Amino acid sequence: MINTGEILQTLRMIQEEHFDIRTITLGINLLDCADPDAERCGQRVYEKICRMAGRLVQTGEAIERELAIPIVNKRISVTPVSMIAQADPRPIARWLDKAAKEMGVNFLGGYSALMQKGATQADERLLASIPEVLAETERLCSSVNVGSTRAGLNMNAVGEMGRIIRQTAEATADRDGLGCAKLVVFCNAVEDNPFMAGAFCGPGEPECAINVGVSGPGVVKKALEEVRGQPFDVVAETVKRTAFKITRVGQLVAREASQRLGIPFGIVDLSLAPTPARGDSVAYILEEMGLEKTGAPGTTAALALLNDAVKKGGVMASNHVGGLSGAFIPVSEDIGMIEAAAAGALTLEKLEAMTCVCSVGLDMIAVPGDTSAETISGIIADEAAIGMVNNKTTAVRIIPAIGKKAGDTVEFGGLLGFAPVMPVNSYDCSAFIRRGGRIPAPLHSLRN
Amino acid sequence: MTKALISVTGLDTTGIIARVATRLSEMNINILDISQTILGGYFTMMMVVDLDGAHMDFSEIDAALQPVRDELQMSIHMQRMDIFDAMHRI
């Protein structure tokens, strides 16, 4: 029998330390909805989503009530739209947004294109439509894969995405560039990611699958408070134990959702996903390890330990692990990161170094409004190169804050939070970006 | 067996256990374990119960506890035991 101490520990984790299930994401294959007529295609997409996801939100809420654990988001990810859009993809975007609203999910991901090696005509049409689509839709999220370890970097796509991000920021300038918060550029994108804005249902996925993302930075922070001053062996062990407990609950929720919906279980994503709430911060975990502010020397090492221990603890707690799996460091969604960036302790360059050892990349970073498309492409190229060479997923979700300069603040509200505008290296890289072509895939032996 | 934890907290008064247990018994819910204490005038009780006898679903049972909540002016919270088993047992 479970003892009182264990019961109280679980209740404290949920009630005081912000432990929650971050998302149940239903992946839906839309390949069978392809149609040369865009409206008809959109309609088929809409009907299929409504058929498959009809009970998603209500089932999530029932599990939430019975287990008394918050399941913050119920979401949908779909086949990259460029794979089904044989003509103008914009009508499909409108139908997807309508389906998301109808189903009561806060985000639907998959307005995506996979172009690590090159672009199809459909990819090109989709890319061109992103600024307009993200300005006009509310819940649709977009992602573009521009590189992979096997294919190298598609520098034409990198160059194009710099322009697309700027146009998206301009199209949503009245909302502080909110469109860019719904747009991710990936290298080595994963097919079963449950987290937004980068979720899509990859071509290797089954007809449908339940993928669950867990959270709980507050719980890890609290556990580390108990071992203050002790060596890193103890820190790693404490994080592992905590991650195990968190992930077991994620697995339980995934199994329940899968059974009730009659949809196969896909993966649990072992993540520490922060929110802007105080006490739900990944940065505070790093600071608990002994850093005055996140960004101080030692930050990358602290994050490496954290990320690895979360995986080691979580991997035994779930029978299928996937998605992005690691600690997230989105600046605007983490109060500790916001504070560190505002204080000048955390710079873009340090963030880039941190992304070498954790998931996922330069995430939710506001840069000055006059940052050029080429500079944004340069930032994407650097980040994608880290992912390509190190055989990991990296991403860029960057928001040019139109009309604002370094030190100002952008505000997105809700889970997306707010962010200080961070300064960017002002030296020019446009001649580099204009070259285009492809950076070849890296060698996988002689590693040093 | 569907086990649930029922936690009851609030200002101490006479007959809390009796009232909650009676309501559970009326629904044919068997009590497997009880621990109870008074902390600074606050009554705190945790009960582990078996819901299978009730032939009602979780939300109906929870709703059936509402009159007891109202009458005793206490917080009565029910959640499935699975979450504790998942977290603390391999």
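Those sequence lines, one after another, are chains A and B. So the first sequence is numbered by our numbering: it starts at -4 and just counts up by one. So the second sequence is numbered by our numbering: it starts at 2 and just counts up by one. Quick reminder that beta carbons are idealized off the backbone N, C-alpha and C, glycines included. Just so we're clear, the structure is a prediction, and the values are computed from it rather than from any experiment.
* To do: Compare the Cα-Cα distances from Val179(A) to each of Leu410(A), Arg392(A) and Glu56(A) and report the closest residue.
  => Nearest to Val179(A) by C-alpha distance, out of Leu410(A), Arg392(A) and Glu56(A), is Arg392(A).
* Asked: Per DSSP, what kind of secondary structure is Phe260(A) in: helix, strand or coil?
  -> strand
* To do: Give me the Cβ distance between Asn29(B) and Ala65(B), rounded to the nearest whole Å; I'm assuming they're in contact under 8 Å.
  => About 11 Å; that fails the 8 Å criterion.
* Asked: Going straight from the alpha carbon of Gly364(A) to that of Ala322(A), what length do you get?
  -> The straight-line gap from Cα to Cα measures roughly 28 Å.
* To do: Using 10 angstroms around the beta-carbon of Phe227(A), count the other beta-carbons present and answer buried if the total reaches 16, otherwise exposed.
  => With fewer than 16 Cβ atoms within 10 Å of its Cβ, Phe227(A) is classed as exposed.
* Asked: Can the beta-carbon of Met88(B) be found closer than 8 Å to that of Arg243(A)?
  -> yes
* Give the secondary structure of Phe59(B) by DSSP, where H, G and I count as helix, E and B as strand, and everything else as coil. => DSSP places Phe59(B) in helix when its eight states are reduced to three.
* Asked: Closer than 8 Å, Cβ to any Cβ of chain A: which residues of the stretch 59 to 71 of chain B, in chain order?
  -> Phe59, Ser60 and Asp63
* Asked: Going along chain A, which residues have a C-beta under 8 Å from Ala87(B)?
  -> Arg243, Val244, Gln246 and Leu247
* Closest by C-alpha distance to Ser425(A), when choosing among Ile159(A), Arg236(A), Ile371(A) and Leu343(A) -> Ile371(A)
* Asked: Which stretch, first to last residue, makes up the beta strand (DSSP E) that contains His78(B)?
  -> Ser76 to Arg81
* Contact check, Ala33(A) vs Ala80(A), beta carbons under 8 Å -> yes
* Asked: Among residues of its own chain, excluding the 5 on either side of Arg429(A), which ones have a beta-carbon nearer than 8 Å to its beta-carbon?
  -> Gly154 and Glu369
* To do: Assess, as a yes-or-no matter, whether the stretch 12 to 20 of chain A is touched by the stretch 203 to 217 of chain A under the definition of 3 or more beta carbon pairs within less than 8 Å.
  => yes
* Do Leu411(A) and Met359(A) come within 8 Å of each other at the CB atom, strictly closer than that value? -> yes
* Asked: Is Thr(-1)(A) close to chain B, meaning its C-beta is less than 8 Å from at least one C-beta of that chain?
  -> yes
* 8 Å Cβ cutoff, Ile18(B) in contact with chain A -> no
* Where Met82(B) meets chain A, residues with beta-carbon distance less than 8 Å -> Ile(-3)
* Neighbour list for Lys240(A) in chain B, Cβ cutoff strictly below 8 Å -> Listed along chain B, the residues sitting closer than 8 Å to Lys240(A) by beta-carbon distance are Met88 and His89.
* Given Met47(B), which residues of its chain have a CB within under 7 Å of its CB, disregarding the five upstream and five downstream residues? -> Leu6, Ser8 and Ser36
* Asked: Does the stretch 77 to 84 of chain B come within contact of the stretch 301 to 308 of chain A, defined as at least 3 CB pairs closer than 8 Å?
  -> no
* List the residues of chain A that Met47(B) touches, going by C-beta distances under 8 Å, in chain order. => Thr(-1) and Ile2
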